[in-house]
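Plus 425 on top of the position in the sequence shown (first one is 1) and you've got my numbering.
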Amino acid sequence: MSGSALFETFVRAPLAFDHGEGTWLVTDKGERYLDFAGGIAVNSLGYSHPHLVAALTEQAAKLWHVSNLYEIPGQSRLGERLADASFADKVFFTNSGAEALECAIKTARRYHFVKGHPERYRTITFEGAFHGRTLATIAAGGQYKYLEGFGPKVDGFDQVGFDDIDAAEKAITPETAAILIEPVQGEGGIRQVPTQSLKRLRQLCDQHGLLLIFDEVQCGVGRTGKLFAHEWAGVTPDLMAVAKGIGGGFPMGACLATDEAAVGMTAGVHGTTFGGNPLAMAVGNAVLDVVLEEGFLEDVRRKALLLKQGLAGVADEFPDVIESIRGTGLMLGLKCAMPNTKVTVALRDQHLLTVPAGDNVIRLLPPLTVTDAEIHEALERIRAGAKSLADAIVAAAAK
Ligand SMILES: *Cc1c(COP(=O)(O)O)cnc(C)c1O
426 MSGSALFETF VRAPLAFDHG EGTWLVTDKG ERYLDFAGGI AVNSLGYSHP HLVAALTEQA
486 AKLWHVSNLY EIPGQSRLGE RLADASFADK VFFTNSGAEA LECAIKTARR YHFVKGHPER
546 YRTITFEGAF HGRTLATIAA GGQYKYLEGF GPKVDGFDQV GFDDIDAAEK AITPETAAIL
606 IEPVQGEGGI RQVPTQSLKR LRQLCDQHGL LLIFDEVQCG VGRTGKLFAH EWAGVTPDLM
666 AVAKGIGGGF PMGACLATDE AAVGMTAGVH GTTFGGNPLA MAVGNAVLDV VLEEGFLEDV
726 RRKALLLKQG LAGVADEFPD VIESIRGTGL MLGLKCAMPN TKVTVALRDQ HLLTVPAGDN
786 VIRLLPPLTV TDAEIHEALE RIRAGAKSLA DAIVAAAAK
């Protein structure tokens, strides 16, 4: 065996964390890092949130797993709460985002199948999308770097340019079943789809009898300051995939659907062993308790503005490092004027964690519970990191 026993699929930073407290991660050596990566938008309520810890440990002492052969009260309750808080009537629980997408894609295909149109199975997607790493979701995402070497691309996905709604309209054929889009692209580089475009997609779907699928795996569950990002546009989908933040760090996902869209998902046609297990449901319900609390999302919006305004100031100060600020809510991007990986490392040197994304962007995805003081602290660290990089440019030019 050479090196580690793990697959070499991840390029890992040389850091191992022992525990976390709120927005902070502490290494095995006791060093503290301010975490604006949030486990890539997963740790929506930070680390060791007392309400989440209590929900998980209480459930752990009672029951972990029973299988979906039986009623799971926590699952029924979380399903109802998600439906009440959204466009949806029905929910299917999964363990991950990719599985939630798989469920949405299958549900759209089954819908047309039971309506007498088995030929309608294709889904239109957008450049820069990320929908997961299963065979179908890499085909949906359409990114060559994820498809290469994995055999024939799963059939049934047609990709058009980012925010190119005219191209999406032209791509509709008698075989089209659905249009799939992230209202705010995460991995693609914090690229927000304009409200007008989401409205046009809704119209196109209605006009052509297609299902509109939103992937809110990253932008959902309060991240943008509304429970779901599409609420800002006043447009609702027929199907939606959710994961990441809904579990607050416990692996879980969900596919939400209207009654009509879920019409083909009858007994036995789809399933999961672990999806909707009692542990995940206890945590998911606890996350909703907090996020749906009066004033919580309003405070996320206020803090988001504070962070975004501060970032704009830093970008003005160091234009050779940060070109511009983008994004919405606590899903913000720094478009870098130098390789984003360099900036990520410079910020890590300041003990601030961030996540690189496509389009040479760095993502800031702090927990929704981040405090004003932590936002100020993060801005100081970003300023210090940007200054060290800017100073290095000046020093190099002087040589
Ligand atoms: C992370 C992500 C996924 C995939 O989720 P996994 O839990 O890694 O399978 C899908 N869509 C979006 C938008 C994501 O950010």
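Beta carbons are placed, not taken as given, at the ideal position from N, Cα and C, and that holds for glycine. In this text, all values refer to a predicted model and were calculated from it rather than measured experimentally.
query	result
Cβ-Cβ separation, THR550 to ALA561 (assumed contact under 8 Å), whole Å	That belief does not hold up - the Cβ atoms of ALA561 and THR550 are roughly 11 Å apart, past 8 Å.
Cβ-Cβ distance between ILE750 and LYS733 below 9 Å	yes
Straight-line gap, PHE825 to LEU635 (C-alpha atoms, nearest Å)	Any question about residue 825 goes unanswered here, given that the chain covers just 426 to 824.
Expected contact under 8 Å - CB spacing of HIS695 and ARG457 to nearest Å	About 44 Å; that fails the 8 Å criterion.
Contained alpha helix (DSSP H) runs [length at least 4] in the stretch 697–748, N- to C-terminal order	703–716, 721–742
ILE497 versus ASP684: straight-line alpha-carbon distance, rounded	21 Å
Short Cβ contact (9 Å threshold) for MET677 with PHE517	no
Cα-Cα separation, ILE530 to LEU637	10 Å
Residue closest to PHE442, alpha-carbon to alpha-carbon, out of VAL609, LEU755, LYS454	LYS454
Backbone secondary structure at LEU572 - three-state DSSP	helix
heavy atom of ligand 1 below 8 Å from SER469 C-beta	no
Residues that GLN584 bridges to, as DSSP identifies them	THR550
For ARG751: DSSP bridge partner residues	GLY758
Residues that DSSP places opposite CYS680 in a beta bridge	PHE517, ALA666
Contact under 9 Å by Cβ, VAL708 with LEU431	no
Whole-angstrom distance between HIS444 and ASN468, CA atom to CA atom	13 Å
Distance cut-off 8 Å: VAL642 Cβ against heavy atoms of ligand 3	Ligand 3 is not part of the structure shown, which contains ligand 1 as its ligands.
Beta-carbon proximity check, THR532 vs ALA686, cutoff 9 Å	yes
Same chain, Cβ closer than 8 Å to ALA596, neighbours up to 5 away in sequence not counted	ILE549, ASP583, VAL585
Within 9 Å, strictly: CB atoms of GLY613 and PHE587	yes
Backbone CA spacing between ALA771 and LEU790 [nearest angstrom]	17 Å
Given LEU722 as reference, the closest of ARG616, THR434, PRO792, LEU440 once Cα atoms are compared	PRO792
Backbone secondary structure at VAL478 - three-state DSSP	helix
Three-way DSSP call (helix, strand, coil) for TYR495 in this model	coil
Buried or exposed (CB count within 10 angstroms, at least 16 for buried), GLU641	buried
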